[in-house]
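Engineer: Structure in structure tokens, see below.
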Amino acid sequence: MLEPVATALFTSVLGGHIGQPSAFQAAARSMRRSSANALTSDFFIPQPRRVKDKGKARATGVQFEQHECTPDRLSQCREWSCMARHSIWCSNHHRRLLMREFPLVEDVPSRSRISTRIPATLHSYSSRRVAVRAHDGQRRHVSRTSKTGPPSEDSGVSSVADEGSEAVDASLTHPEVASVIPHDSSDSRWVLPSLLLPPDKSAQVIHSLHRIALRPPDDFDIEETWTVYESVIEEHAEHLTSVYLLLQLVERMLYTTQKWYDSKTGLEALHQWGDRIKHLLRALESRILSPSRFHYTHCCLAARAHALTGEYELAAQYLQSARAYRECSQVDLIAMHQSIVLSKFRYYDVPQVVAYLLAEWNDVSAYLDVPPRRPFSPDPVQRAWTLFFFTVTDLLCRVPDAKILFAPEVRLDVIQKQRIGNLFIQAHCAHQRPLHAWNVFRAMRSHGLTPQLETHLVLVRALTKEEAMGPAKEAFSHLEETRAKPYLSTALYLCAHDGDFERTEYFFDQLSHDDLVTKEDTAMLMHSYAVHGKVEQVLHLFNEFFPAFVNSRGQQRRTNDPRNIHYATVLYAYARSADLSGIDQWLRVMRDAGIRVNVVMYTMILQAMAVKGDLEALGLAMERMQSSGMKPTVATYTALISTMAKMQDPLTAEKLYKKALEDGIKPNSRMINTLMTAHAEAGSWRGVIRVFDYVRSRPNTPMTIDVCNILLKAYVRIGAPFRTVARLFTKLRQSLTPDKYTYALVILAACDAGLMPTATKLFEEMDRLATPASDINVTVHVMTMLMGGWLRLNKKKKGKGVYDMMVDRGIQPNSISFGEIQSAYGMERSDEGLKLAEDFIDTLMSAPPEHRTWLVPPRVGKTSMDHIYAPVLWGYSRKVQPRDVERMYQHMLDHSGTPTLGMVTALMDAYRRSMDIDAVLQVWPQVFQLGLQLTQRTSVFGLDKDGQGQVRVRGDMLSIPLSIYMDALSRAALFTEVAAIWKRFQDHHFVFTSQNYNHLVVVLLRAGEIERAFEIVEKVILPYQRKYKAVVSERDDHPETPLLFEEYDKILEGERRGDWGRERRESGKMHVDMFRREPWTEQMMTEHAQEDDYAHPLYILQQISPGWNTWRPHRAAMTALLMAVLRLKAGLLLEAMALHKRNPDDFPAQGREELLAERQESEALLNSLHGQFPDTMEELRVFEIKEKKRLVSGFDKKYRQFVPR
């Protein structure tokens, strides 16, 4: 026994090294191990001696305990010692030991009181102690780990504990698993007794180091820690610190530095701190034996420290050394791999991370599967697994184009490429990026690779949840049909969300046949009908799956325990049908059943109210949701922005988007697309381009067909030449898969251009591609476009043929379809055409109510009655037949129709044209009241526009009726009433458009207020025209935000708006004609355009678009101004209503002196106009030259007739 002991003593002086078996290790194996009681963790912490009293310790909670001196205890002394130069004499065999103190044993609290929350460091700073199994029955008391504060998502720390320890694991920082452990700074085990410390500076630095260890994790300062440790080194007092304490500090330092991997911290700082930590660990090597518990801890920390400096070979060696221990836990193994993964990403790039994962696939593959969704799980392995998975997948999502990893030049075998593909698909799906995963899937398919079945099904569900039905159907079509439960449930999920209730029934029957139906499956069957708002069918299924019964207390209950999703599905059906009364009724049923309304259900309610356009009800629902303690989600804000899109109010839509950002909402692709739709619907072309550039410039964001469809809608609405639309369509087909909306928009563009043969060919191609596996199907909207295109060309037989084909296909025409027929008759401006339109209305309204499927409840925008009656009302109005307008208006009321703003405005316009001013004054209050209802002011969004917490939604809704009303009043010389209504609009915070200001110029000229008319042009219209041109001519290709109006608030101040004014759909044909006449526009739209810049032609078109609401002097205003100036040049002043006097006899006779005085006044006024309004006068000079070129000899006839000879 002497030789092993001598060897052990020799080793205790020289120390062991990694990778080399120590002499003590051999000696320890040859010795007999003892089964004595376990040593406490403070056995080798010097304590002051205590005086015994009759063999008993004083009542201090601490007692002396005698231990047998064995070689095993000798080895433990070596590891736990902080006073290596001191020794004690053992009474057993008179053997000298390495310490002077007997062990002290404190009372240990019950294990049941120990927290099970997530620890973050190697051991705890709590006063509680846990006995950890060390060697063959020996136990050491070590402290538990406490959380070191809320770490970042991409960081994790490992704690070292053997299998016998309780909940000693890694700290996970993912939002779903983060937790907090209270920190107890009252623990005195770290503090060395001052009696045993040298009475010099070393005592102070040791105390400082221990005080740092006692601090709460959030207060840990790595710089201060290293400064104090350097002081310990300078005082040669490192032998006074325990290995246990130093390893704790190393782990805290690694935890801090690991957060720097994904920050702006430079590589120099990582190297510096990595070298410092490695230096500290090397200093501990001589004090740690191998194999031992501390040596295992040392290996784990050293692997992470070498990863910090990018020394991956050494990190791998330490990792292998730690793995050789039987105590090696999965938590520590994951932590080491995570450190290496983060380091490779920081020093190199994601491909290096992928290469490492493939090389270590046997170790890490189990942790790259999607972890179970059990938030705050007590299992440390699952929490470490979750953190590692989300860390790796977050890094993979930063690859801009994963398709390059499947290229032939990449030296990977098929299995490795398949592993990469599965990993990237899972990563994108886990981070709610299903369209990115779809691109990876397509790349795999193009190289003959197939993802795993589980990954494939996850992709289909993720795409379906994103409402990317085209990619979801295509991905599902590549699956081999089976009767396996995962396949059938995924098919059910896909078909239900697509609203295909027939195929949903088919897959549900298969599940039912094999007795595999779950409650989720029943909810999906109900959902397939709820998508279409089929409330009766949904309620029937709900009652069938969950029959009602009355319990012993007389309360109505449901069998089979319906879940929240089933109640929510019924609510969704009511929401899709916009049945607010049904929603209220079902909410009462849910309340009686004890179902609490959650934020998802509230969002459904908001969507229903948005469809109805009821902002007041929307506000009440929002207030109720917020008062219930529920915060709006991204889906909630998307629903609100969608409401503004339907109301064509992008200004409020942007305010909602900004409010969502302030509330901490992270916008997803659907929310951004909805904002872009709001601009497209309102004719805000600059806003469409802005959002498109934002999406295009976002890193790692592929272009999707949804974004391109919105851009394509903008092209169609602005009236772009069909050649431009066709060129964009061809480009899209090269990189994306067109869906039903893409084809519908291109067909609409062809119909607007009058290219019906081209539209027919596109329709036939669309019809061929319409399969269940694709997201292309012929709808009533497409066929209505074709029918309307033929009718506008006066090809009624062709239009009738499309209508018959629609009926033969079983496609029920809607009110829009009938509205196209009515518009074709109404635009004829003939009594015969309008008579046919009336007969068609009689046919529709005489049908039984059950056959009036086209008549749907009123929603945002035009109602069903609007589509049927408005074309006829406006047709008679243009023919100046107010009595016929009255007759058809009454016909609508007699058939339970509700007056709309469009219909009442048509009636008022008919009275204006017939100069029935009394009737105009009688109708106007009804017009104004309807405008107030449609442009509701609401405070539900938390937007403050007028200082009262309220905002006027669609404040320009009354701009056209206002212009009509002002024209009628001014023609009747009721100028005071014009001023009164203008003031009233200001008081109600309505928006004045360019059209309103141009009409105001004409009204002022009619009133003889020539200077005020010129002032409006000089100080309002022309400045906004210049600002508007500056806005639309500037383009930021890489905007930091998709918000347009926030950037230009200082340029376009107040409530006046430029290109975001509503653009009328009817003006598209005029745009096409103008662009066709100007060949230079084609060159402008193709020059300087990048290959992937689909918005460049729109950027050019929106600068030259002749929209009626663009900020510019309109022709009518310029004509009136030119007439007034010509009168002044003729020496005549402008009298009230002078521009309406066409007969020279209408002007009063004047004497010579009066004429001379008037000439002098007119010359003075003309000089004053040149001095005060130079820009307006210059505009008039250019306009006069253009008019003379346009009219030639007809110029005098048009303009001189208002100047008396």
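Counting in the UniProt record's numbering, the sequence shown runs from 1 upward without gaps. Don't be surprised by glycine CBs; every beta carbon is placed ideally from N, CA and C.
Hey, residue 334 and residue 356 are a contact pair by Cβ (cut 8 Å); roughly how many whole angstroms apart?
Structural biologist: Going by Cβ atoms, the distance from residue 334 to residue 356 rounds to 14 Å, so no, they are not a contact pair.
Engineer: Just list the residues that DSSP pairs residue 557 with in beta bridges.
Structural biologist: In the DSSP output, where bridge partners are listed per residue, residue 557 has 549.
Engineer: Near residue 307, what residues of its chain come up, given a Cβ to Cβ distance below 7 Å and the 5 sequence neighbours on each side ignored?
Structural biologist: For residue 307, where only same-chain residues beyond five positions count, the Cβ hits under 7 Å are 315, 339, 340 and 343.
Engineer: Could you tell me whether the stretch 398-414 touches the stretch 454-462, using the rule of 3 or more Cβ pairs below 8 Å?
Structural biologist: In short, these stretches do not touch, since the Cβ pair count stays below three.
Engineer: Using the beta-carbon count (16 or more within 10 Å), is residue 700 buried or exposed?
Structural biologist: With fewer than 16 other Cβ atoms within 10 Å, it is exposed.
Engineer: Using a threshold of 8 Å, state whether the C-beta atoms of residue 324 and residue 332 are closer than that.
Structural biologist: Result no, Cβ atoms of residue 324 and residue 332 do not sit closer than 8 Å.
Engineer: Which residues in the same chain have their Cβ closer than 7 Å to the Cβ of residue 202, if we skip the five residues on either side of it in sequence?
Structural biologist: If we look at residue 202 and ignore the five residues flanking it on each side, its Cβ neighbours are 235, 237 and 240.
Engineer: Going by Cα to Cα distance, which pick from 528, 496, 430 and 492 is closest to residue 512?
Structural biologist: Residue 512 has its Cα closest to that of 492, out of 528, 496, 430 and 492.
Engineer: Taking all protein chains shown into account, decide if residue 589 is buried (16 or more other Cβ within 10 angstroms of its Cβ) or exposed.
Structural biologist: It is exposed - the Cβ of residue 589 has fewer than 16 other Cβ atoms within 10 Å.
Engineer: Using CA coordinates, which residue listed in 479, 1094, 274 and 911 is at the minimum distance from residue 773?
Structural biologist: Closest by alpha carbon: 479.
Engineer: Give the single residue among 786, 575 and 728 whose Cα lies nearest to the Cα of residue 752.
Structural biologist: Nearest option by C-alpha distance: 786.
Engineer: Can you give the Cα-Cα distance for residue 257 and residue 382, rounded to whole angstroms?
Structural biologist: Going by the C-alpha atoms only, they are around 24 Å apart.
Engineer: Return the residue from the list 639, 599 and 618 that minimises the CA-CA distance to residue 629.
Structural biologist: Residue 599 is the option with its Cα nearest to residue 629.
Engineer: Between the alpha carbons of residue 1160 and residue 911, how many angstroms are there, rounded?
Structural biologist: Cα to Cα, the separation comes out at about 41 Å.
Engineer: Just checking my contact of residue 499 with residue 532 at CB under 8 Å: how many whole Å lie between their CB atoms?
Structural biologist: At roughly 6 Å, the Cβ-Cβ gap stays under 8 Å, so residue 499 and residue 532 are in contact.
Engineer: Quick check on the burial criterion: 16 or more other C-beta atoms within 10 angstroms. Buried or exposed for residue 679?
Structural biologist: Flag for residue 679 reads buried.
Engineer: Pull up the distance between the alpha-carbon of residue 684 and that of residue 981, whole angstroms please.
Structural biologist: Cα-Cα distance, rounded: 28 Å.
Engineer: Considering only the alpha carbon of each residue, which of 738, 759 and 794 lies closest to residue 769?
Structural biologist: Answer by Cα proximity: 738.
Engineer: Mark residue 846 as exposed unless 16 or more other C-beta atoms lie within 10 angstroms of its C-beta, in which case mark it buried.
Structural biologist: When all chains shown are included, residue 846 counts as exposed.
Engineer: Which residues mark the beginning and the end of the alpha helix (DSSP H) in which residue 242 is found?
Structural biologist: Looking at the DSSP string, residue 242 is not in any alpha helix (DSSP H), and its letter there is neither H nor E.
Engineer: Is residue 866 helix, strand or coil by DSSP?
Structural biologist: Of the three classes helix, strand and coil, the one that applies to residue 866 here is helix, per DSSP.
Engineer: Buried or exposed: residue 885, going by 16 or more other Cβ atoms within 10 Å of its Cβ?
Structural biologist: Buried is the call here.
Engineer: When the Cα of residue 778 is compared with those of 864, 345 and 740, which residue comes out closest?
Structural biologist: With distances taken between Cα atoms, residue 778 lies closest to 740.
Engineer: Helix, strand or coil for residue 907 per DSSP?
Structural biologist: If DSSP states are grouped into helix, strand and coil, residue 907 belongs with the helices.
Engineer: Determine the burial state of residue 929: buried for a count of at least 16 other Cβ atoms within 10 Å of its Cβ, exposed for fewer.
Structural biologist: The residue in question, residue 929, is exposed, as its Cβ has fewer than 16 Cβ neighbours within 10 Å.
Engineer: Could you check whether residue 868 and residue 830 sit closer than 8 Å to each other, using their CB atoms as the reference points?
Structural biologist: No, Cβ-Cβ distance for residue 830 and residue 868 is not below 8 Å.
Engineer: Mark residue 1196 as exposed unless 16 or more other C-beta atoms lie within 10 angstroms of its C-beta, in which case mark it buried.
Structural biologist: Under this definition residue 1196 is an exposed residue.
Engineer: Taking buried to mean at least 16 other C-beta atoms within 10 Å of its own C-beta, is residue 1135 buried or exposed?
Structural biologist: Residue 1135 comes out exposed.
Engineer: Measure the C-alpha to C-alpha separation of residue 585 and residue 711 and round it to an integer number of angstroms.
Structural biologist: Each residue's alpha carbon lies about 41 Å from the other.
Engineer: If we require 3 or more residues per run, which beta strand (DSSP E) segments fall completely within the stretch 392-478?
Structural biologist: List check, beta strand (DSSP E) in window: nothing returned.
Engineer: Kindly provide the ranges of any alpha helix (DSSP H) runs that are 4 or more residues long and lie completely inside the stretch 752-788, ordered along the chain.
Structural biologist: Complete alpha helix (DSSP H) runs here, min 4: 756-769.
Engineer: Can you tell me which of 366, 227 and 696 puts its alpha carbon nearest to the alpha carbon of residue 208?
Structural biologist: Measuring from the Cα of residue 208, the nearest candidate turns out to be 227.
Engineer: Taking the straight line between their C-alpha atoms, what separation do you get for residue 302 and residue 263?
Structural biologist: Their backbone Cα atoms lie some 22 Å apart in a straight line.
Engineer: Use the C-beta contact count for residue 547: other C-beta atoms within 10 angstroms, 16 or more gives buried, fewer gives exposed.
Structural biologist: Exposed: under 16 other Cβ atoms inside 10 Å.
Engineer: Note down the Cα distance separating residue 698 from residue 672, rounded to an integer number of angstroms.
Structural biologist: If you take the alpha carbons of residue 698 and residue 672, they lie about 12 Å apart.
Engineer: Compare the beta carbon distance of residue 637 and residue 660 with 8 Å and say whether it is the shorter of the two.
Structural biologist: Yes.
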